[in-house]
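Residue numbers (our numbering), protein chains in the order written: chain Y, 14 to 127; chain F, 4 to 115. Remarks on the structure that follows.
Written as structure tokens, this is what we have:
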């Protein structure tokens with residue numbers, strides 16, 4: 014596997030379910046990110062991790078719980094979601110958390126909350 | 004309040020001609036700007052970037068221009084090819100927080 018991978022690619026869940034999204038980067042990067050893209054809206058940053066430590070929580074509701082066990086893996090744990098949480102969830106990574114550094118994205122998980 | 008705006012939702016050009024995609028920003032603290040391309044069912048792919056100390060950056064068929072006084076940047080693709088048909092996102096960053104702020108995207112269609 015190369016680049017940034019995400020699983021599953023599609024997920025349908027009920028509001029009472031608990032599920033997790035997984036992201037893995039094979040680029041040797043040290044910073045990882047979760048983004049959300051809702052219909053007709055720009056990509057929106059959710060969380061930032063640098064060397065496994067969370068450095069940014071962009072006012073995300075607690076029903077979204079991130080976890081970064083090491084610099085290569087990032088999870089997003091989901092529980093008691095709402096239908097308006099249906100969106101494309103994208104993971105990204107960058108070599109470092111610094112200025113002038115591009116981020117590389119995974120293919121995303123398309124989430125539908127019923 | 005959107006800090007990065009792409010006011011054209013779509014653009015259609017003929018193969019071989021120039022495509023010009025525009026982006027405006029409001030935050031003067033932004034000092035690094037990126038363009039990403041996205042095909043359906045794939046994540047955004049980094050295309051080209053420019054820092055605020057430059058006004059132009061070129062990479063093959065792609066050139067990004069930055070006008071700081073107008074808080075405006077543009078992506079030029081020349082010559083345009085049908086494979087360039089995708090959604091193009093402009094993004095901006097200030098400092099070393101890793102916070103990329105994205106525009107809404109412009110869908111480019113290049114007709115053969």
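No residue lacks a Cβ here, since even glycine has one placed at the ideal position from N, Cα and C.
Practice item. Buried or exposed for residue 63/Y, please, with buried defined as at least 16 other CB atoms from any protein chain shown within 10 angstroms of its CB. Key: The residue in question, residue 63/Y, is buried, as its Cβ has 16 or more Cβ neighbours within 10 Å.
Check your understanding: Applying a beta-carbon distance threshold of less than 9 Å, which residues of chain Y neighbour residue 44/F?
Key -> Chain Y residues near residue 44/F: 22, 120, 121 and 123.
Review point. Which stretch, first to last residue, makes up the beta strand (DSSP E) that contains residue 73/F?
Key: It is not in any beta strand (DSSP E) - residue 73/F carries neither H nor E in the DSSP assignment.
Practice item. Return the CA-CA distance between residue 127/Y and residue 76/Y, expressed in angstroms with no decimal places. Key: The straight-line gap from Cα to Cα measures roughly 15 Å.
Review point. Can you list the beta strand (DSSP E) stretches of 3 or more residues lying completely in the segment 60-113 of chain Y, in chain order?
Key: Correct list: 66-70, 77-83, 86-92 and 100-107.
Exercise for review: Could you name the residues of the same chain whose beta carbon sits closer than 8 Å to that of residue 89/F, not counting the 5 residues immediately before and after it, in chain order?
Suggested key: So the list reads 40, 41, 42, 110 and 111, once near-sequence residues are dropped.
Review point. Does the beta carbon of residue 77/Y sit closer than 8 Å to a beta carbon anywhere in chain F?
Key: Taking Cβ atoms only, chain F never reaches closer than 8 Å to residue 77/Y, which makes this a no.
Review point. Hey, out of 15/F, 11/F and 61/F, whose CA is closest to residue 114/F's CA?
Key: Nearest option by C-alpha distance: 15/F.
**Study point:** residue 58/F (DSSP reduced to helix, strand or coil)
**Key:** Three-state result, residue 58/F: coil.
Point to revise | Within the segment 75-106 of chain F, ranges of the beta strand (DSSP E) (whole runs, at least 3 residues) | key: Qualifying beta strand (DSSP E) stretches, in chain order: 75-80 and 89-96.
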